[in-house]
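Okay, structure first, notes after.
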């Protein structure tokens, strides 16, 4: 393999890992804002909430705990862990090419 292709694969792997990290940070930030009862009228809080809802659309209502905080932590937290796991696995695969 040429050094040019190896560099491209490495750059792609790094980009995938960074995107996965950003997605997980957004989800973690929403969990923190929810637990700290952030002002939902604030534009930053609304942006983070909307982004987290979109990212965790598949997992946010997956659990049926009685306590709402537990549903938020489990649903959004699961999405964050999955994105980190898949993103970094894919990044490692690209780095090995």
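Numbering (our numbering), first residue to last: 2 to 98.
Just so it is clear, CB atoms sit at the ideal spot from N, CA and C, and this is done for glycine as well.
Contact defined as beta carbons within less than 8 Å: I believe residue i pairs with residue j. What is the distance between those atoms, to the nearest angstrom?
{"i": "residue 103", "j": "residue 26", "result": "Summary: the structure shown does not reach residue 103, with the chain confined to residues 2 through 98, and so no result is reported for it."}
{"i": "residue 61", "j": "residue 50", "result": "The Cβ separation is near 11 Å, so there is no contact."}
{"i": "residue 46", "j": "residue 53", "result": "Not quite, the Cβ-Cβ distance comes to about 10 Å (not below 8 Å), so this is no contact."}
Between the options, which lies nearest to residue i when the distance is taken from Cα to Cα?
{"i": "residue 80", "options": "94, 72, 59, 20", "result": "59"}
{"i": "residue 48", "options": "31, 75, 20", "result": "31"}
{"i": "residue 29", "options": "78, 92, 90", "result": "78"}
{"i": "residue 34", "options": "74, 85, 82", "result": "74"}
{"i": "residue 23", "options": "65, 84, 64, 96", "result": "84"}
{"i": "residue 36", "options": "66, 71, 14, 43", "result": "71"}
{"i": "residue 76", "options": "14, 19, 55, 38", "result": "55"}
{"i": "residue 20", "options": "92, 96, 39, 64", "result": "92"}
Count the other C-beta atoms from every protein chain shown that fall within 10 angstroms of the C-beta of residue i, then say buried if there are 16 or more, exposed otherwise.
{"i": "residue 90", "result": "exposed"}
{"i": "residue 14", "result": "buried"}
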